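Reading through the structure tokens given below for one structure.
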Amino acid sequence: MATRFPIVALWAHPRSRSTAMERIFMERNDFTIFHEPFSVLYYVHEAKGSAKFEAEVENYASNYDEIKAQILAAAEQGPVFFKDMAYHPFEHIMKDEDFMRRLTNTFIIRDVADTINSHYAMNPELTQEEVGYQRQLDLFKKLQQVQHKTPILVDSEDLTRCPDGIIEAYCQEVGIIHVPEALAWEPGQPEAWKSWESWHKDASESKGIIARKNTYAVTVATDAKLRAMHDVELPFYNELRKFRISTSRASSPSSP
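In this note's numbering, the protein residues as written are 20 to 275.
Written out as structure tokens, the structure is:
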């Protein structure tokens, strides 16, 4: 029987600091990384949303089954980590309970106002779905039903306040060794980020998990459209946040 290595999925919304989480897994150097593998499906092949895919499309798989097959094939060779937006493969994965069960499903969220302010600065055409929390919550609830357990969830505000403690707790929940050295890195943009290069400027310039205090010309506080988006998403965020992990759950994690 073939070895079944873990596949850790981080289901995010844009501007949630999920790329910084991915950078930690890159620094570990014991996981194969897939960076937003389903984004080309959503934005290019299904022509949804408003953000613009930034890489050569022919270099990427063109449908859900091909992308999933790549992830599963990599997991036959070793542990896999991927992060993606919950809405990218949403229509497909919600019907794919076998794949759900194969994954170690984790989530990351960020304050709704901070998220929308940052997202709008990158993409003023953002849609309600691209804000992202509703699809996260829908997937979260589906996973609870399918896997009969609650997925692991990180609040990125907790992450920036106590990076080592939250990542230690996350690793324990996932079932992998905590590697404190992976929380620091040299600035630079990994090749895997080229598909969304302009979106990862802060992460590329960083040396670790930090809380940046950016200012924006248009915000939830000043713009009626953004305020309306915020009010739609806030209940979904509040529901998800009830399940966030804390540093008190961290102890000595075991090896995979």
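We put the beta carbon where it would ideally sit given N, CA and C, even for glycine.
Remember, predicted model here, so these are calculated numbers, not experimental data.
- With 16 or more other CB atoms across the displayed protein chains lying within 10 angstroms of its CB, residue 153 is buried.
- Here residue 230 carries a coil assignment [DSSP, helix/strand/coil].
- Bounds of the beta strand (DSSP E) holding residue 174 are 171 to 174.
- When rounded, the separation of the alpha-carbon atoms in residue 136 and residue 144 is 13 Å.
- At the C-beta level, residue 61 and residue 68 come within 8 Å of one another.
- Here the alpha carbons of residue 241 and residue 84 stand approximately 43 Å from one another.
- Between residue 171 and residue 264 a beta carbon distance of about 6 Å is seen, short of the 8 Å cut, so the two are scored as contacting.
- Only residues of its own chain outside the window of five on either side were considered, and among them 129, 134, 137, 138 have a CB closer than 7 Å to the CB of residue 34, listed in chain order.
- Separation of residue 162 and residue 151 (C-alpha to C-alpha, rounded to the nearest whole angstrom) is 17 Å.
- Across the structure, residue 116 and residue 131 are spaced so that their CA atoms are roughly 29 Å apart.
- Rounded to the nearest whole angstrom, the C-alpha separation of residue 122 and residue 28 is 6 Å.
- Considering only 125, 146, 118, 165, the residue with the shortest C-alpha distance to residue 188 is 125.
- If you draw a 10 Å sphere on the C-beta of residue 103, you find 16 or more other C-beta atoms in it, and that means buried.
- The C-alpha of residue 114 lies about 26 Å from the C-alpha of residue 194.
- In the three-state scheme derived from DSSP, where H, G and I count as helix and E and B as strand, residue 257 is classed as helix.
- Here residue 55 has 103 as same chain residues with Cβ atoms under 6 Å from its own Cβ, once five neighbours each way along the sequence are excluded.
- Exposure of residue 120 is indicated by the presence of fewer than 16 other C-beta atoms within 10 angstroms of its C-beta.
- Residue pairing by DSSP places residue 142 opposite no residue, since no beta bridge is assigned to it.
- Under the rule that a run must span 3 or more residues, the beta strand (DSSP E) segments found entirely inside the region 35 to 84 read 51 to 54.
- A distance below 8 Å separates the beta carbons of residue 100 and residue 50.
- Non-local beta-carbon contacts of residue 180 in its own chain, meaning distances under 8 Å to residues more than five positions away in sequence, involve 230 in chain order.
- Contact annotation, residue 245 with residue 234: C-beta distance approximately 15 Å; criterion of less than 8 Å not satisfied.
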